[in-house]
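Asker: Numbering-wise (my numbering), the sequence shown opens with residue -16 and increments by one.
Cβ atoms here follow ideal geometry from the backbone N, Cα and C, with glycine treated the same way.
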Amino acid sequence: MIKKEREIPIKLRKLEALLRRLPVNHPRRSKIEEEYAKIRAGFRGEKSIDYYLNSLDEKRFFIFHDVRLQHSNNEYFQMDILLLTSSYIVILEIKNMNGTLCFDQKFHQLIRALNGREEAFPDPITQVKRQKNHLHQWLVSNHIPSLPIYPLIVISNPATLIKSIPAYSDEVTRKVIHASHLHSKIEHINLRVKDDVLSTREINKLSRLLLKLHSPHNPDILSHFQLEDKDLLRGILCPNCKNLEMHRVNGSWICSSCKISSKNAHVAALDDYSLLISAIITNQELRKFLKISSVSTAVYLLKQLKLETIGSYRHRKYHLLPLNKTKTPHH
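1) Since Pro128 and Val180 are thought to touch, with beta carbons under 8 angstroms apart, how far apart are those beta carbons, to the nearest angstrom?
2) Using the Cα positions of Thr143 and Ile77, report the straight-line distance between them to the nearest angstrom.
3) If you draw a straight line from the C-alpha of Ile108 to the C-alpha of Glu211, how long is it?
4) Starting from Leu67, trace the beta strand (DSSP E) both ways and give me its first and last residue.
5) Report the rounded CA-to-CA distance for Pro10 versus Ala262, giving the unit in angstroms.
6) At what residues does the beta strand (DSSP E) containing Leu144 begin and finish?
7) In the structure shown, what three-state DSSP assignment does Val176 receive?
8) Rounded to the nearest angstrom, what separates His314 and Ala0 at their Cα positions?
9) Any idea if Ser257 is buried or exposed, counting beta-carbon neighbours within 10 angstroms, 16 or more meaning buried?
10) Under the assumption that Ile32 contacts Ser139 (Cβ atoms under 8 angstroms), give the Cβ distance between them as a whole number of angstroms.
11) Using the Cα positions of Lys300 and Ile264, report the straight-line distance between them to the nearest angstrom.
12) Between Asn79 and Ala24, which are expected to be in contact by the criterion C-beta below 8 angstroms, what is the C-beta distance as a whole number of angstroms?
13) In terms of residue numbering, what span does the alpha helix (DSSP H) encompassing Gln120 cover?
14) Going by other Cβ atoms of all chains shown within 10 Å of its Cβ, with 16 needed for buried, is Tyr296 buried or exposed?
15) Once DSSP output is grouped into helix, strand and coil, what is the label at Ser244?
16) Name the one or two DSSP bridge partners that Leu97 has.
17) For the beta strand (DSSP E) containing Glu76, name the first residue and the last one.
18) Could you tell me the alpha carbon to alpha carbon distance between Tyr71 and Pro131, rounded to whole angstroms?
19) Tell me the rounded alpha-carbon separation between Leu290 and Asp214.
This is the structure:
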């Protein structure tokens, strides 16, 4: 049973919005594109695991996607997928990587060989062991009976070759699997752990607690790349040709390039504003970002969206969060 659905990561959506709004020749664009591609690949890797998760007994397994919990005053740990049963917990760390992956347990690193080039990454085994420790501490601090925790690294690409240093390292063979072996790995755990630790009431309580204390990561993407809002391109993006010059004509937005007409193209622009700059906007800020001069038009657009407001008429601010819905990346 899926208790927490997978959502498109907010950072992925922010990166996509940033790429829409950053000039093509901006010096930081290539770095942003690189990070966007990495996070999008990770998200696609997680989605590809769904086929194998569907084979699990939905009455026994509670599935939580992308859980982020606090383990100290200002520190958090995040798990791609958490599988909860009355007997044990499984943490799945998904890796969507091509080529040959060599888990070097001597120097605690992951070495990827691809197209004749080797590249080093942080050791995922160290990462999942740290997640296991943090989750154990979190359970103890929330007075949850101690459950066995099994951390696994799941390679989502079936063509990826897995190796280890030293050869046939026990830890690599225990913790690293291809996605197609997930079901057999779970069956192996079932044979090892048969006794229930949590009652039905306790497992439901833990599920509610995981959902309640989940704290999604919501980074300031401009600060992350040392950008300011003045670096962004303003205006309304044409949904057809992606031109940023749409003008208001008789209640519609007309693209100056392809001449397509849209009634609500401003909604996507305000969504970009909420992702990149602020979830709160004034009439003046809206006019500046959408590149419109008419105060009355701005008032009409804001009223039409039926947004929550704060402040008096002259100092009124509008909450854009209702616009901030989950979308599929398309960049």
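Answerer: Short version:
1) As a working note, residue 128 is residue 145 in the sequence shown. As a working note, residue 180 is residue 197 in the sequence shown. That belief holds up - the Cβ atoms of Pro128 and Val180 are roughly 5 angstroms apart, short of 8 angstroms.
2) On the sequence shown, residue 143 is found 160 positions in, with the first residue counted as 1. On the sequence shown, residue 77 is found 94 positions in, with the first residue counted as 1. Straight-line Cα distance between these residues: approximately 13 angstroms.
3) Locating residue 108 in the sequence shown gives position 125, counting from the first residue. Locating residue 211 in the sequence shown gives position 228, counting from the first residue. Near 37 angstroms, if we compare the C-alpha coordinates of Glu211 and Ile108.
4) The residue given as residue 67 occupies position 84 in the sequence shown. Residues Tyr59 to Leu67.
5) As a working note, residue 10 is residue 27 in the sequence shown. As a working note, residue 262 is residue 279 in the sequence shown. Those two C-alpha atoms are separated by around 27 angstroms.
6) Mapped onto the sequence shown, residue 144 falls at position 161. Leu144 -> beta strand (DSSP E) spans Leu144 to Ile148.
7) The residue given as residue 176 occupies position 193 in the sequence shown. The answer is coil: DSSP assigns Val176 none of H, G, I, E or B.
8) Residue mapping note: residue 314 aligns to position 331 of the sequence shown, counting from 1. Residue mapping note: residue 0 aligns to position 17 of the sequence shown, counting from 1. For His314, the predicted model reports a pLDDT of 41, less than 50, meaning its position is unreliable; a value from the coordinates is still stated below. Each residue's Cα considered, the two are about 9 angstroms apart.
9) Looking up residue 257 in the sequence shown gives position 274. Buried, because 16 or more other Cβ atoms sit within 10 Å of the Cβ of Ser257.
10) By one-based count along the sequence shown, residue 32 stands at place 49. By one-based count along the sequence shown, residue 139 stands at place 156. With a Cβ gap of about 6 angstroms, Ile32 and Ser139 count as contacting.
11) In the sequence shown, residue 300 corresponds to position 317, counting from 1. In the sequence shown, residue 264 corresponds to position 281, counting from 1. When rounded, the distance between both Cα atoms is 6 angstroms.
12) Along the sequence shown, one-based indexing puts residue 79 at 96. Along the sequence shown, one-based indexing puts residue 24 at 41. The Cβ separation is near 5 angstroms, so the contact holds.
13) The sequence position of residue 120 within the sequence shown is 137, counting from 1. Residues Pro107 to Ser124.
14) Position 313 of the sequence shown, counted from the start, is the residue given in the question as residue 296. Answer is exposed; the Cβ neighbour count stays below 16.
15) Walking along the sequence shown from the start, residue 244 turns up at place 261. Residue state, collapsed to three classes: strand.
16) Residue numbering aside, residue 97 sits at position 114 when the sequence shown is read from its first letter. According to DSSP, which records beta bridges pairwise, Leu97 is partnered with Arg100.
17) Along the sequence shown, read from residue 1 onward, the residue named residue 76 stands at position 93. It spans Ile72 to Lys78 - the beta strand (DSSP E) in which Glu76 sits, taken as one unbroken run.
18) Numbered from 1 along the sequence shown, position 88 holds the residue referred to as residue 71. Numbered from 1 along the sequence shown, position 148 holds the residue referred to as residue 131. Cα to Cα, Tyr71 sits roughly 5 angstroms from Pro131.
19) On the sequence shown, residue 290 is found 307 positions in, with the first residue counted as 1. On the sequence shown, residue 214 is found 231 positions in, with the first residue counted as 1. Roughly 27 angstroms separates the two Cα atoms.
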